[in-house]
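Residue numbers (the working numbering): 2 to 444. Just below is one structure, and these are the notes that go with it.
See below:
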């Protein structure tokens, strides 16, 4: 057992699946060379000796994929890997890719704000006096003057920002170099050159299935890192092919079988219900009313649990999944009307889609959904909550559109799997359950 890895597991309270994943990082980084542009075939042979299923790194550098179910703690694993590679291997330069703005903002807090409740390095004493410097897609052009020889540097970029800054443009008919490849007065070279010349750059890819498209893959390869660590709950690329570089898998099925780390999802259907002759709008109203009944019951159970156990009160909410923006607006207006539960939910619903996401008041309410002071009890969304939304108080989901099974699990059910009490099941069925409301088949 590696003593540094053991120390990190204890200090970060890593769950068992994450401990196993960290052990793999420990073993493989002892086996393969962490030198720049090392022999790729040799590295692959060493990985295959332990993990025959890893047949191709799919990149121009050694890259290892970890398939871990939503809600188990991929971000904490990233923190553990960074801590280990710094403390054991002396690696100081890390590049973290986020798939969207929501995760980008969250990762900046996760890695850079010790006061943040989900700060990933809590307990790592070596990072108290030598706090990692966080360099982002918004401030990288000004950061060069701060660089020294001892600090850990964690670059955090949103993939769309990374890709756009890696494209050239024109001004007054003159071709311009991509922003990230322009000369920096602080560095004496472009930030891109600076990164690609580092001898110890490790890249971590959150929601790694988002970085297998050619543009992203080529840009990542150009950084010439010594190692890649890919994390995702769905290791399938845009062509529906499974990753070829998986070295560890802890699936949702395994998480549910273990019964420790995620809520228990259950489908709620009306017994012997016959939908024949009922129009679609009325069916939707029935589903919404069923969801409210379940929600109210869950709400009472959570209040009783908090009182009996002397723990924080968790305020549950409902997620309604709509077909499109027009449909979402229609549902929002229904819930805010007097005909729906006598107007009880007026002002308690939030519509999240591309037309509302830029509204600061809506954004604030959305980001504080876990707060007991937040009055929102129903969130209506259209394809906006795919990844990075890690609330723990989503208890009821109402799919008002059909979806294939993979999309439903990844984009919707996965949003409600996180447990509110220290990420552990309580033993109380209703406190530990996520309910998906369906009159008939939803997939």
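Idealized CB from N, CA, C, for every residue including glycine.
Within a 10 Å sphere around the beta-carbon of residue 367 sit 16 or more other beta-carbons, which makes this residue buried. In this structure, residue 354 and residue 383 form a Cβ contact; the two beta carbons are roughly 4 Å apart against a cut-off of 8 Å.
Residue 349 places its beta carbon 8 Å or farther from that of residue 225.
For residue 52, no alpha helix (DSSP H) run applies, since DSSP gives it neither H nor E. When only Cα atoms are considered, residue 157 and residue 104 end up about 10 Å apart. The alpha-carbon of residue 304 is positioned some 14 Å away from that of residue 295.
Closest option to residue 247, judged by alpha-carbon separation, among 254, 233, 259 and 241: 233. Shown here, residue 215 sits in a helix according to DSSP, grouped into three states. Sequence-distant partners of residue 239 (beyond 5 residues in either direction) whose C-beta falls short of 7 Å from its own C-beta, in its chain, are 213 and 214. Within the same chain, 302 and 306 come within 8 Å of residue 429 by CB-CB distance, once the 5 residues on both sides are set aside.
Shown here, residue 336 sits in a helix according to DSSP, grouped into three states. For the pair residue 378 and residue 24, the Cα-to-Cα distance works out to about 41 Å. Its chain contains 22, 25 and 67 as the residues whose beta carbon lies nearer than 6 Å to that of residue 249, once the 5 sequence neighbours on both sides are disregarded; these appear in chain order. Closest in C-alpha terms to residue 243, from the list 256, 211 and 227, comes 211.
With a cutoff of 8 Å on beta-carbon distance, residue 426 and residue 260 are scored as near each other.
The alpha-carbon of residue 196 is positioned some 25 Å away from that of residue 120.
Counting along the chain, no alpha helix (DSSP H) covers residue 2, and no H or E run does either.
In terms of CA proximity to residue 217, 59 leads the group 59, 39 and 393. Beyond the five residues adjoining it in sequence on each side, residue 237 comes within less than 7 Å, by CB distance, of 210 and 243 in the same chain, given in chain order.
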